Amino acid sequence: MKLSIIKNAKISVKLTLIYAFMFSLVLLILSTVTLYGTKYFLYKQADKQVNDISTVLTNKINDETGELSLYNKDFLADLPSKENISIRLLDNNNNIINQSRDFNYNIKFNETNDKTKHLEQKEKHLIYLNTKLDSKNYGVVYIQVVKDLENEYSFIKILFVFLAIADFIGMVASIVLGYIISKKMLNPIDNITKTAENISVNNLKERIEVNDSDDELKRLASTLNNMIDRLQKAFDSQSQFVSDASHELRTPIAVIQGYANLLDRWGKNDKEALEKSIYGIKLEAENMANLVEKLLFLAKGDALTQVVEKKKFHLNKLIDEVLEETKLIDKKHNIFSEENEDADIYGDYKLIKQMLRIFIDNSIKFTPDEGTITINSMVKNKSLYISVSDTGIGIPKDDIQNVFDRFYTVDKSRSKEKGGTGLGLSIAKWIADVHGGIIEVVSEEGIGTSFIVKLDLSE
Ligand code: ATP
Ligand code: MG
């Protein structure tokens with residue numbers, strides 16, 4: 001139960017608890033060590049005092065030139081009483097020879113082993129030393145030196161109270177400061193959450209504030225910002241694609257509507273208008289079907305639902321097939337293959353054929369009659385190179401990098417009259433990507449164009 005409360009607590013609370021716990025532990029250990037150290041030191045000192053006084057007494061009793069008799073009251077007068085030290089001297093028969101004025105302890109003399117003892121009597125802490133002395137002047141004398149540790153204990157008590165107060169203040173401060181600091185440090189996370197809540201498909205403009213310090217939270221914030229950038233790009237290109245597609249469809253629909261109106265007005269009687277309209281409608285419908293087919297292909301490609309059935313096949317067979325078909329359709333160009341190396345490739349037969357058709361269609365479209373179209377394939381360094389080259393009008397240098405973009409046509413007018421939508425090469429690129437291939441374009445205006453696909457053979 002308690003554990004789950006901690007588990008579900010905010011990170012700032014958790015950090016504070018851990019921090020406060022560690023800090024308090026350190027404080028407690030320090031205080032304990034200080035207290036016990038002081039106590040030990042005070043004991044040692046008291047011990048030394050008692051021993052010293054005992055030694056002084058022994059010397060004084062043994063001193064034969066002593067002016068004062070052992071029995072004289074003043075014998076003990078010059079011994080320090082400020083230090084809470086009291087002395088009692090006994091003879092062999094346990095009779096008191098002499099004692100300090102305020103001596104009121106009752107400590108037995110049964111053991112005299114020259115070692116200080118600790119005693120608790122009537123809530124008093126005492127330290128005492130019993131010594132037996134065989135003196136020349138007075139025979140056997142028992143010396144008892146007692147020190148009352150009252151001052152020492154009250155010092156320790158005061159120290160304890162001060163330490164306890166300091167510890168308490170320290171703990172409270174560690175909790176308060178810990179909470180404030182961790183809260184402040186985790187503030188960026190709150191910011192990130194708030195910004196993320198505001199971000200939606202319709203509002204990808206917001207970005208998370210990136211703070212100056214180069215820490216993990218800054219990395220998180222910039223990673224998220226980069227992600228939003230990519231999302232925004234994807235959404236932008238998606239909506240661009242939709243608007244381009246609608247734009248492309250608008251033209252054939254307008255044309256079909258125009259012919260329908262023509263038919264409506266004149267077509268019933270005018271045979272020429274009828275035939276013209278039917279031809280026009282058929283052509284535009286075909287264009288539209290073509291366009292929709294391509295759009296569908298790209299949409300499936302984007303959604304990763306395009307079916308790709310890869311298997312091993314002979315590429316030279318495919319090229320022969322495409323070559324034959326092209327020759328059948330197009331009689332206006334010289335179409336042939338100079339080199340068609342036999343190679344087994346792993347891929348989707350239909351898609352690769354479609355890709356080659358896209359290049360060949362372009363070559364046919366953009367090469368004047370009697371021009372040459374060459375389809376070659378060769379193997380080099382474990383890679384297969386398929387090239388479709390023509391002697392056509394070529395692509396301007398500045399446009400080469402864009403020809404694979406969707407709906408991109410070099411010159412709107414020169415493509416339009418040939419029925420180009422600018423989608424062919426973007427489909428070809430998608431097919432090459434799916435096969436891990438690269439398409440290279442070599443082109444010069446007025447001389448010709450080559451599309452070269454490089455495919456890996458290692459698979
Ligand atoms: P679609 O193929 O969709 O019917 P398209 O042929 O215009 O239309 P892409 O195949 O993508 O579109 O080609 C893009 C543009 O690149 C073409 O419009 C054309 O300007 C240029 N292009 C492509 N291949 C050649 C080529 N062999 N010779 C000259 N220009 C070319
Ligand atoms: Mg094309």
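When we follow the numbering used here, the leftmost residue of the sequence shown carries the number 1, and every step to the right adds one.
Glycine included, C-beta positions come from ideal geometry on N, C-alpha and C.
Here the structure is a predicted model, which means the values were calculated and not measured.
The ligand MG heavy atom lying under 7 Å from the CB of residue i
i	result
residue 394	no
residue 439	no
residue 256	no
residue 371	no
residue 448	no
Contact set for residue i: own chain, Cβ-Cβ below 7 Å, skip 5 residues either direction
i	result
residue 384	315, 343, 345, 377, 455 and 457
residue 402	408
residue 175	16 and 20
residue 195	206 and 208
residue 134	140
residue 241	406
Straight-line gap, residue i to residue j (C-alpha atoms, nearest Å)
i	j	result
residue 51	residue 116	8 Å
residue 386	residue 363	15 Å
residue 278	residue 262	10 Å
residue 34	residue 98	40 Å
residue 5	residue 40	43 Å
residue 198	residue 189	14 Å
residue 216	residue 182	15 Å
residue 260	residue 291	21 Å
residue 3	residue 228	37 Å
residue 339	residue 399	29 Å
residue 309	residue 302	17 Å
residue 27	residue 185	25 Å
residue 355	residue 430	9 Å
residue 10	residue 179	11 Å
residue 58	residue 90	13 Å
residue 187	residue 165	33 Å
residue 55	residue 62	11 Å
residue 238	residue 294	15 Å
Contacts around residue i, its chain only, beta-carbon distance under 6 Å, and the 5 residues preceding and following it disregarded
i	result
residue 334	372
residue 255	284
residue 359	388 and 451
residue 444	394
residue 222	210
Buried versus exposed, by CB contacts within 10 Å (16 or more), residue i
i	result
residue 396	exposed
residue 22	exposed
residue 130	buried
residue 368	exposed
residue 12	buried
residue 467	Since the first residue shown for the chain is 1 and the last is 459, residue 467 is missing from the structure and cannot be characterised.
residue 296	exposed
residue 86	buried
residue 36	exposed
residue 348	buried
residue 435	buried
residue 248	buried
residue 144	buried
residue 71	exposed
residue 193	exposed
Distance cut-off 7 Å: residue i Cβ against heavy atoms of the ligand ATP
i	result
residue 297	no
residue 423	yes
residue 442	no
residue 387	no
residue 363	yes
residue 366	yes
residue 358	yes
residue 420	yes
residue 294	yes
residue 374	no
residue 490	The structure shown has nothing for residue 490, since the chain only spans 1 to 459.
residue 403	yes
residue 411	yes
residue 433	no
residue 390	yes
residue 213	no
residue 237	no
residue 426	yes
Inter-residue CB distance, residue i and residue j (contact presumed, cutoff 8 Å)
i	j	result
residue 426	residue 405	7 Å
residue 142	residue 126	That belief does not hold up - the Cβ atoms of residue 142 and residue 126 are roughly 17 Å apart, past 8 Å.
residue 451	residue 438	So it is not a contact: roughly 11 Å between Cβ atoms.
residue 31	residue 214	Going by Cβ atoms, the distance from residue 31 to residue 214 rounds to 39 Å, so no, they are not a contact pair.
residue 365	residue 420	7 Å
Beta-carbon contacts of residue i that lie in its chain and below 8 Å, excluding the five residues immediately before and after
i	result
residue 42	149, 152, 155 and 156
residue 361	424
residue 235	201 and 204
residue 267	273, 274 and 277
Residue-chain proximity (residue i, chain C), Cβ-Cβ < 8 Å
i	result
residue 293	Among the chains of the structure shown, chain C does not appear; only one protein chain is present.
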